[in-house]
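Below: one structure, written as structure tokens.
In our numbering, the protein residues as written are 873 to 1018.
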């Protein structure tokens, strides 16, 4: 989901039960992963990254938990994302319709404003999907910089 820089070979996989606490745990894990990658609090994308991740995990818990009892978040120095095993693939580039939330529309809007990209990719067996968000994060000068 998070792409700090093409040359960074970092990867972290988090799989959680699709329940409300998953949002908090995923957010806390994201903060830890960003710190490990050297992405500091001054990074302009940091707050939006946490909001985007929270919305995507909340959507998986809210809309897919019945068919997908687990939600997986993949953080990588490449194009990875949030995955569940519910077959419905939401349209990313449409406005929110009456009666539904604005969470996914907010995710896409923030992603585009930050110079990133978002895409929905179905599993090969059509039994689930991943929402991949790629953002241009920069590492701060620190011990992990080479």
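We put the beta carbon where it would ideally sit given N, CA and C, even for glycine.
Straight-line Cα distance separating residue j from residue i
i	j	result
residue 930	residue 895	6 angstroms
residue 924	residue 984	12 angstroms
residue 917	residue 906	11 angstroms
residue 961	residue 993	8 angstroms
residue 989	residue 976	13 angstroms
residue 912	residue 936	32 angstroms
Of the residues the options, the one placed nearest residue i, counting alpha carbons only
i	options	result
residue 999	924, 888, 939	939
residue 927	1001, 1002, 978	978
residue 1002	892, 919, 944, 882	944
residue 957	1007, 976, 887	887
Buried or exposed (CB count within 10 angstroms, at least 16 for buried), residue i
i	result
residue 900	exposed
residue 893	exposed
Under the three-state DSSP convention, the category residue i falls into
i	result
residue 958	coil
residue 890	coil
residue 916	coil
residue 990	strand
residue 948	strand
Nearest-angstrom beta carbon gap, residue j and residue i [assumed within contact, 8 angstroms]
i	j	result
residue 898	residue 941	Contact flag wrong, Cβ pair sits at about 16 angstroms.
residue 920	residue 982	5 angstroms
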